[in-house]
Amino acid sequence: MTIGSTTINPPLLALALGAFGIGVTEFAPMGMLPTIAADLGVSIPAAGMLVSAYAGGVLVGAPLMTLLFARTPRRTLLIGLMGLFTLGNLLSGLAGGYSTLLAARVVTSFNHGAFFGIGAVVAAGLVAPQRRASAVAAMFSGLTIATVGGVPLAAWIGEALGWRPVFLGISAIGGAAMLALRLSLPPLPVEAGTDMRAELRALRHGSVLVALLLTVLSASAMFTVFTYIAPILRMETGAGSGFVTAMLVVYGLGLALGNWLGGRLADRAPDATLFGSLLGLVVLLVLFAAGMRSEGASVPLIFLWGVASFTLVPPLQMRVVGAAASAPNLASAMNIGAFNLGNAIGAALGGAVIDAGLGFPAVSLAGAAAAGTALALLLALRRGARPPRLAAARG
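So this note's numbering is basically just the index in the sequence shown, starting at one, shifted up by 151.
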């Protein structure tokens with residue numbers, strides 16, 4: 152089913168709803184980190200492990216679920232993955248302690264990589280070839296809307312009613328997404344010849360592996376800082392809960408704009424989009440290290456940081472899918488796993504900086520260093536792909 156436009160596309164809207172629910176459950180703990188830590192009697196870095204554990208579960212679940220259900224019709228699989236999501240969030244809402252919540256977060260995470268990976272391939276197949284990056288961005292718009300509205304709302308509810316009702320509410324979103332997928336998507340049988348061996352062979356390509364590494368580094372730059380955004384604003388900026396919630400909205404607006412911008416630009420110049428976004432991340436995170444003590448400076452920096460962070464997502468996803476064009480499902484899911492590996496690395500890196508007593512500005516500088524590493528890798532790839540001038544002249 153190929154159409155020329157991504158507007159008023161019910162299947163894309165259903166995929167975006169699923170992405171919205173996943174985005175809320177992934178990012179909500181970051182806005183509620185002090186609340187969860189205080190309620191469960193653990194430290195901020197220990198509460199941050201809820202983020203790392205989720206990310207680790209995505210990394211394991213992405214290939215596992217994709218390979219186990221490689222021959223399952225796509226609609227059936229996507230609905231089943233949202234069912235697992237719904238169950239995991241229900242268990243999180245009913246968790247009585249830190250260990251139980253940690254385990255429930257891992258259960259929830261197993262749907263994440265396969266849903267986004269397979270959903271991105273499905274979304275790209277719903278539109279004309281020249282609109283594929285925009286279609287992927289349309290699906291990921293659910294993730295950005297989650298950061299604009301869902302995560303700040305979750306932080307507010309967590310502050311007012313506690314963190315458990317937040318996860319119970321997210322499970323209801325999962326049920327709604329299951330219904331929307333069932334009503335809007337066609338059966339989507341698996342294409343003939345699709346098998347686990349073809350999917351695994353695609354991962355052996357050097358271009359796929361390098362693209363996945365680029366995603367890991369880019370995501371770690373974002374999550375080194377964003378994991379600890381609530382304590383940064385409270386302890387470094389000296390802001391109250393209202394300002395923290397407002398900054399989550401501002402960051403989410405930046406992500407939404409960046410996701411839209413990344414889809415548009417990546418359809419034209421994916422590598423240039425990546426280069427500009429990574430360079431912007433380096434500059435903005437260095438500036439945030441200096442400006443986080445000021446509320447006035449924090450507002451524009453957080454917004455622009457959000458823009459740069461998600462302008463990366465569509466071109467990174469399309470880079471991996473393009474490198475594994477013959478068997479894109481596992482590679483696409485693994486890219487989501489790579490994003491969450493970067494999430495885990497970033498959360499751990501930021502926690503290590505805090506535990507070392509280096510201060511919150513150093514957390515932002517660590518994020519800038521991660522973005523700089525990704526930028527260096529991209530530049531090395533571009534130089535390697537460019538033929539030597541002498542050889543070109545002789546040809």
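Just so you know, even glycine gets a beta-carbon here, dropped at the ideal spot from N, CA and C.
Nearest neighbour of residue 533 by Cα position, chosen from 457, 422 and 523, turns out to be 422. Residue state for residue 278 is assigned as strand, using DSSP reduced to three classes. One Cα belongs to residue 399, the other to residue 506, and the distance between them is close to 24 Å.
In the three-state scheme derived from DSSP, where H, G and I count as helix and E and B as strand, residue 240 is classed as helix. Inside the stretch 280-347, DSSP marks whole alpha helix (DSSP H) runs of 4 or more residues at positions 283-296, 302-312 and 315-335, from first to last along the chain.
Between the beta-carbon of residue 501 and that of residue 370 there is about 13 Å, and that puts the pair past the 8 Å contact cut. For residue 439, the enclosing alpha helix (DSSP H) begins and ends at 421-442. Beyond the five residues adjoining it in sequence on each side, residue 442 comes within less than 7 Å, by CB distance, of 448, 449 and 452 in the same chain, given in chain order.
Residue 467 holds the alpha-carbon nearest to the alpha-carbon of residue 428 among 304, 467 and 339.
Non-local C-beta neighbours of residue 456 in its own chain, meaning closer than 6 Å and more than five positions away in sequence, comprise 435, ordered along the chain. Distance between residue 462 and residue 295, taken at the CA atoms: about 11 Å. In this chain, the alpha helix (DSSP H) harbouring residue 373 covers 357-377.
In this structure, the alpha-carbon of residue 199 lies about 11 Å from that of residue 377. Inclusion of residue 229 and residue 266 in the CB contact set at 8 Å is warranted, their separation being smaller than that value. Apart from sequence neighbours up to five positions away, the residues of its chain that approach residue 264 with a beta-carbon distance below 6 Å are 209, 212, 213, 484, 487 and 488, ordered along the chain. The distance from the Cβ of residue 364 to that of residue 528 is about 7 Å, consistent with a contact at the 8 Å cut-off. For residue 195, the enclosing alpha helix (DSSP H) starts and ends at 195-219. DSSP places residue 171 in the uninterrupted alpha helix (DSSP H) bounded by 161-182. From the listed residues 207, 256 and 459, the smallest Cα separation to residue 235 is found for 256. A direct Cα-to-Cα measurement between residue 515 and residue 292 gives close to 26 Å.
Apart from sequence neighbours up to five positions away, the residues of its chain that approach residue 232 with a beta-carbon distance below 6 Å are 262, 265 and 266, ordered along the chain. Rounded to the nearest angstrom, the gap between the Cα atoms of residue 493 and residue 372 is 8 Å. Following the DSSP letters along the chain, one finds residue 262 in no alpha helix (DSSP H), marked with neither H nor E.
For the 8 Å CB-CB criterion, residue 285 and residue 414 form a contact. A Cβ-Cβ contact shorter than 8 Å links residue 172 with residue 321. Within the model, the alpha-carbon separation for residue 314 versus residue 395 is close to 16 Å. DSSP places residue 415 within a helical segment (H, G or I) once states are collapsed to three.
Listed in chain order, the non-local C-beta contacts of residue 163 below 8 Å within the same chain comprise 157, 274, 277, 286, 289 and 290, local neighbours out to five positions each way being set aside.
If you check the CB distance, residue 340 and residue 417 do not come in under 8 Å.
Judged by their CB atoms, residue 226 and residue 336 are nearer to each other than the 8 Å cut-off. About 6 Å separates the beta carbons of residue 499 and residue 203, which is inside the 8 Å limit, making them a contact pair. One alpha carbon belongs to residue 327, the other to residue 160, and they sit about 17 Å apart. Counting along the chain, the unbroken alpha helix (DSSP H) around residue 459 starts and ends at 446-462. Within the same chain, and ignoring the five residues on either side of residue 403 in sequence, the residues whose Cβ sits closer than 6 Å to its Cβ are 298 and 299. For the pair residue 308 and residue 316, the CB atoms are nearer than the 8 Å cut-off. Beyond the five residues adjoining it in sequence on each side, residue 303 comes within less than 8 Å, by CB distance, of 182, 396, 397, 399, 400 and 403 in the same chain, given in chain order.
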